[in-house]
Amino acid sequence: MRRPPLRKALKVLKRALLYAAAGAFAVFAVFPFYWMLITAFKQNRDLYVGATNLQHVPWIFNDPPTLDHVRLLFFGTPYLLWLRNTAFVGGLVVLITLLVSVPAGYSLARLVGRWGERLGIGVFLTYLVPPTLLFIPFARVISWLGLQNSLGALVLIYPTFTIPFCTWLMMGFFRSVPRDIEEQGMIDGYSRLAVIGKVVLPLAVPGMLTVVIFAFTLVMQEFVYALTFISQVERMTISLGVPVALVRGDVFYWGSLMAACFITSLPIAIAYSAFIDRFIVGLTAGAVKG
Amino acid sequence: MRGPVAVRPGLTLAPPTVRFARRTLADREGVLGTLMLLPALAYVILLVGVPFVLAILLSFSSATAGSLEFSWVGLRNFQVLLGDVQFHRAVWNTLRFMLISQLLVMVLATAAAHVLDAAFVGKRVVRSLLLLPWAAPVALASMAWVWIFDSTFSVVNWTAKKIGLLHGWWYWFGDPGLATAAIITVHVWRTFPFATVVVLAGMSAIPQEIREAALIDGAGFWRRLWGVQLPMLLPVVTVAVLFGLVFTATDFSVVWLLTRGGPYNSTHVLSTLAFQRGILGASLGQGAAVAIFLLPILLVVAVLMLRVARRAEVGV
């Protein structure tokens, strides 16, 4: 450490280590997505070469890329139908979630006082009650309601996890709205309800947008309930149809399957990354006393 | 017999009417609060609370998926399970997958957060790439891993063979040990981004003066890490890990899509065994009894979470 050249060398080494570590983490995270992408566009004779053949490098295109798998996915499988089903369920669930959890979030943040804290934690804890515990009683409830194989079952059940989560998020956002603004509005003669409509909701638009994104992606990610309630291929959502129905007997259509995984994951991943900071803020703001 | 409105002189009518007009529903905060909260509470009670109780009731019954009949059999389901080797295995696997993966996540996330805390070119890109695994739908990402660990075309095997690491062959889903490794890999891959982001948020909350004070006092990197940063990060790391524990303990998709509980039922966890017995085997009672055993795990996690939250509150 006494001699400058050594210190400089140490510094360079540190930089190199930092970049190496950052690179390693990035590669670990991205590798499956790269694998989806390259599989989706490889020709079958390039794809199905046993891994024992060390001369054939699977990491790159050895033959020119092809659109065959993507074409098969869109025109030879019910993928587009699944996409429509997912949009239908997602849209309705988002609507229900907004209508229920925005008022509830505000109520917990401002109106119900001392009880708000406890109820808020209570609502959040229900988010911890997992689908894996509930799918069995739901199987009974759904067959009692006659909703087997119906998208209605998913529309009814999915808000059970979007509402607790989004209520908690909204509570966090509403707490970050300064009280003074609302009080000023009420001093100016508005009622509490009018203040909510004219002052608070416009300020909470980013929060509501976050709720929309998260509720929709939670719906797109869900697998257990869909697997339990839907067995008809035409009624499936994307995250059920792709892993379950893109298989003929024992034969997987890996090209089309990976194309479906990539095309579906990418927009969700981008939306998530764009909103992650807001999400963390909402989550932690909910945890800190306002 | 309505008397005149202004009985007493000197009392003007205007203020009371105004006050009365203002005391509408829109101003009664308690009522308004309850009304706004009601739909959410109703949903949670009807569709989480009631099914939750139903799950417990079902575990004491011999209910099947086919009929709506409900017959009480007391503790029989649990007695059967206690002597069931597959069930023992599922409990052990649930704990094992959860603890090993979250231990790895704890180390990886702290390391990744330290890397992302430093300034370097391309930091934003690396950060958003790190988030991808968490954002991708689990079921679809799991299928990518199924393909990565394919018995014939596994790119992992090819690479390991190419660099001379592997001489025989890894049948990832044909060998209990390798299948376990595959499942844990996917769990780690999926949960470490979330933990990283949370730890990173915690790190930026450590006041700069404390870091500088430690630096000025001559503390080296490791001393600062162990003596200053890790203790201050502990609450936030705990929260991240507790979330991870819940995610992995209750996960169904990863195990189901990777191994379906195989080979030879060696990788079943509570959730997949419950599905196998309750839905595929149509024995709802048995399935519910299996799933109920997730409760003690979740209860411990919930209590720990509340405790951490409370301590954080006191600290603030």
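Note that the protein sequences, when read in sequence, are chains A and B. Just so we're aligned, residue 19 is where the first sequence starts under this note's numbering, counting upward by one. Just so we're aligned, residue 136 is where the second sequence starts under this note's numbering, counting upward by one. All C-beta atoms in this analysis are idealised placements derived from N, C-alpha and C, irrespective of residue type, glycine included.
Query                                                                                                                                                                           : Result
What is the DSSP secondary structure of S197 of chain B, reduced to helix, strand or coil?                                                                                      : coil
Which residue comes first and which comes last in the alpha helix (DSSP H) that contains L167 of chain B?                                                                       : 164-179
Contact check, V229 of chain A vs T115 of chain A under 8 Å by CB: the rounded distance?                                                                                        : 7 Å
Closer than 8 Å by C-beta to F288 of chain B: which residues in its own chain qualify, once you throw out the five before and the five after it? Chain order, please.           : W282
Can you name the residues of chain B whose CB is closer than 9 Å to the CB of W100 of chain A?                                                                                  : Here the premise fails: no neighbours, minimum Cβ distance about 12 Å.
Which residues, taken in chain order from the stretch 282-293 of chain B, show a beta carbon closer than 7 Å to some beta carbon of chain A?                                    : W282, I283, T287, F288, S289, V290, N292, W293
Assuming contact is defined by CB atoms lying nearer than 7 Å, are R193 of chain A and A127 of chain A in contact in what I supplied?                                           : yes
Just checking: is the beta-carbon of L152 of chain A within a distance shorter than 7 Å of some beta-carbon in chain B?                                                         : yes
Whole angstroms is fine: what's the gap from G145 of chain B's alpha carbon to R197 of chain A's?                                                                               : Bear in mind that a pLDDT of 42 at G145 of chain B, under 50, signals an unreliable position, so the number given afterwards is only what the model happens to contain. Approximately 38 Å between the Cα atoms of the pair.
At a CB-CB cut-off below 8 Å, which residues of chain B make contact with Y124 of chain A?                                                                                      : M171
Going by the DSSP bridge assignment, what does W227 of chain B pair with across the sheet?                                                                                      : Answer by DSSP bridge pairing: none, since W227 of chain B is not bridged.
Does DSSP put V141 of chain A in a helix, a strand or coil?                                                                                                                     : helix
Throw me the rounded Cβ distance for the W307 of chain B and A317 of chain B pair, which I believe falls under 8 Å.                                                             : 5 Å
If the cut is a Cβ gap below 7 Å, which residues of chain B does W272 of chain A touch?                                                                                         : W282
Assuming contact is defined by CB atoms lying nearer than 7 Å, are F187 of chain B and A198 of chain B in contact in what I supplied?                                           : no
May I have the straight-line CA-CA distance separating A27 of chain A from F356 of chain B, to the nearest angstrom?                                                            : 18 Å
How about the stretch 84-99 of chain A and the stretch 262-281 of chain A: do they share at least three Cβ pairs that are nearer than 8 Å?                                      : yes
Which residues bound the alpha helix (DSSP H) around L344 of chain B?                                                                                                           : One detail in the question is off: residue 344 of chain B reads as Glu in this sequence, not Leu. First-last of the alpha helix (DSSP H) with E344 of chain B: 343-351.
On the three-pair Cβ rule with 8 Å, is the stretch 133-144 of chain A touching the stretch 406-416 of chain B?                                                                  : no
Could you tell me the boundaries of the alpha helix (DSSP H) in which P261 of chain A lies?                                                                                     : 256-263
Less than 7 Å between C-beta atoms, sequence neighbours within five positions excluded: which residues of the same chain meet that for F92 of chain A?                          : L98
Can you tell me which of B:A354, B:V215, B:G184 puts its alpha carbon nearest to the alpha carbon of S196 of chain B?                                                           : B:V215
For W270 of chain B, would you say it is in contact with chain A, using Cβ-to-Cβ distances shorter than 7 Å as the test?                                                        : In the sequence as displayed, the identity of residue 270 of chain B is Ala instead of Trp. Chain A contact via Cβ: present.
Quick one: list the residues of chain A neighbouring V255 of chain B, beta-carbon separation under 8 Å, in chain order.                                                         : For the record, residue 255 of chain B in the displayed sequence is Phe; it is not Val. Per Cβ cutoff of 8 Å: R33, L36, Y37, A40.
If contact means a Cβ-Cβ distance below 7 Å, which residues of the stretch 346-370 of chain B contact chain A?                                                                  : none
If you measure between the beta carbons of S388 of chain B and S236 of chain B, is that distance less than 7 Å?                                                                 : no
Here's the rule: buried if 16 or more other CB atoms are within 10 angstroms of the residue's CB, otherwise exposed. What is R157 of chain B?                                   : With a pLDDT of 49 at R157 of chain B, under the threshold of 50, the predicted position of this residue should be treated as unreliable, and no value is reported.
Would you say I181 of chain A and A175 of chain B are within 7 Å of each other, going by their C-beta atoms?                                                                    : yes
Determine whether the Cβ of A156 of chain B lies closer than 7 Å to any Cβ atom of chain A.                                                                                     : With a pLDDT of only 46 at A156 of chain B, under the threshold of 50, the placement of this residue in the model should not be trusted; the figure read from the coordinates follows. No, A156 of chain B does not count as interfacial toward chain A.
V372 of chain B by DSSP, collapsed to three states: which one?                                                                                                                  : helix
Compare the Cα-Cα distances from R224 of chain B to each of B:V333, B:P268, B:S401, B:L239 and report the closest residue.                                                      : B:S401
Starting from F247 of chain A, trace the alpha helix (DSSP H) both ways and give me its first and last residue.                                                                 : 242-247
Between C279 of chain A and chain B, is any beta-carbon pair separated by less than 7 Å?                                                                                        : yes
Could one say the Cβ of L429 of chain B lies closer than 7 Å to chain A's Cβ atoms, at least one of them?                                                                       : yes
Am I right that A274 of chain B and L167 of chain B are in contact with their C-beta atoms under 8 Å? What's the rounded C-beta distance?                                       : Actually they do not touch by this definition, with Cβ atoms about 41 Å apart.
Please confirm if the stretch 64-77 of chain A is in contact with the stretch 243-258 of chain A, defined as three or more CB-CB distances below 8 Å between the two stretches. : no
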